[in-house]
Amino acid sequence: MHARITITNSTVKQLQQQLGAARAASNQELFVRSVALLLFAQEHPVLEICQLLAIGKSCFYEWLHALLRDGVAGLRSRRAPGRKPQLSTEQKRRLRDLLRAGPAAAGFACGGWHAALVQLLIEREFKVSYNPHYVCALLTGLGFSYQQARFVAAQRDEAARQAWLGGLWPQIVQAAVEQDAGLLFGDEVSCAWWGSLGYSWAPVGQQPEVKTGGRRKGYKVFGMREWFSGQLFWQGQEGCCDAVSYCQFIATLLSKTRRRVIILQDGAPYHRAAYTKQWLHEQAARVTG
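Numbered per my numbering, the sequence shown spans residues 145 to 433.
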């Protein structure tokens, strides 16, 4: 004995209305479910419906059961309620503060957070155990992202830096404006010729090898950028950076402009060398360093 299921005309009208709403909302899942049951109402065989819509028979019968049990509304997806969050709102706020303070403030001897370390922090502070994979989702929800860190000089005095920005720096800018002088920030960079090793896919147990000529040479570049215009001055240096080559670079720079220049530089040894100080003193008519 086989039971025959017939979908009433009123239900068909509701399915058609839901089909139109699903199309307007680009709800593909609800659209397919509505089409499948409308075809069934038109007495298309279940196997034909499944082949046409590329769905499984179990899915179709699940939708049909939902329609019979809850009506057309039963076809809409419902978000699973899930388990109650293990961390309260206040605990999450506290966790966010701990993460912002950094690992060192929490007693860890490292400079960055990773999932396993955050997992350990949560267990220690809140007696809650999370899977490291869920920790990543938790951190995303707290407004954090996994990103590459940058180095900041440990010896930098932030208070002195702010005092310089609010005091001496405006005076330097004003002096440059009054003297119609170029305001230059200088630094150097070294480019290694021997390259650097990275990661590579290789058979397990066979560490990949990269041939190298063994040359330990590098190419240095002196550079200065003008604050007001953004103009860049640079000069390559194959040998070591020293006081002589640094002063030669400044001399080359002076030959490219008639303006007086004010140079801001860091504390590199050749910037503070006696030779550099003497040379700058001789160029005092055009250079303030």
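Cβ atoms here follow ideal geometry from the backbone N, Cα and C, with glycine treated the same way.
Cα separation between residue i and residue j?
| i | j | result |
| --- | --- | --- |
| Glu382 | Met368 | 18 angstroms |
| Val388 | Lys355 | 36 angstroms |
| Tyr390 | Gly362 | 17 angstroms |
| Phe184 | His277 | 42 angstroms |
| Tyr414 | Asn275 | 53 angstroms |
| Trp423 | Glu370 | 21 angstroms |
| Ser232 | Phe270 | 10 angstroms |
| Arg305 | Thr420 | 25 angstroms |
| Met145 | Ser178 | Because Met145 carries a pLDDT of 46, less than 50, the predicted location of this residue cannot be relied on, and the following value inherits that uncertainty. Straight-line Cα distance between these residues: approximately 28 angstroms. |
| Gly433 | Arg300 | 21 angstroms |
| Gly411 | Trp257 | 32 angstroms |
| Ala336 | Gln235 | 48 angstroms |
| Gln427 | Ala303 | 33 angstroms |
| Val262 | Pro247 | 9 angstroms |
| Phe204 | Arg220 | 14 angstroms |
Does residue i come out as helix, strand or coil in the three-state DSSP assignment?
| i | result |
| --- | --- |
| Gly215 | coil |
| Gly200 | coil |
| Leu327 | strand |
| Tyr290 | coil |
| Lys445 | Residue 445 is absent from the model: the chain starts at 145 and stops at 433. |
Can you check whether the CB of residue j is closer than 7 angstroms to the CB of residue i?
| i | j | result |
| --- | --- | --- |
| Arg404 | Ala325 | yes |
| Ile407 | Leu328 | yes |
| Leu286 | Arg240 | yes |
| Ala217 | Leu197 | no |
| Phe377 | Leu397 | yes |
| Ala166 | Phe175 | yes |
| Leu159 | Leu182 | yes |
| Gln379 | Phe366 | yes |
Between the options, which has its C-alpha nearest residue i's C-alpha?
| i | options | result |
| --- | --- | --- |
| Arg237 | Ile266, Ile407 and Asp214 | Ile266 |
| Gln230 | Val272, Cys335, Arg167 and Tyr290 | Val272 |
| Glu332 | Thr233, Glu370, Ile149 and Gln409 | Gln409 |
| Arg244 | Leu182, Leu283, Ala210 and Gln427 | Leu283 |
| Leu242 | Ser221, Arg268 and Leu219 | Arg268 |
| Arg148 | Gln162, Glu187 and Gln161 | Glu187 |
| Gly215 | Glu353, Ser202, Gln162 and Pro352 | Gln162 |
Counting only beta-carbon separations shorter than 7 angstroms, does residue i have a partner in chain B?
| i | result |
| --- | --- |
| Asn171 | Protein chain content of the structure displayed is limited to a single chain, and chain B is not contained in it. |
Can you give the beta carbon distance from residue i to residue j, rounded, assuming they're within the 8 angstroms contact cut?
| i | j | result |
| --- | --- | --- |
| Ala293 | Gly255 | 7 angstroms |
| Lys400 | Cys385 | Wrong, their Cβ atoms sit about 20 angstroms apart, outside the cutoff. |
| Cys280 | Ala259 | 5 angstroms |
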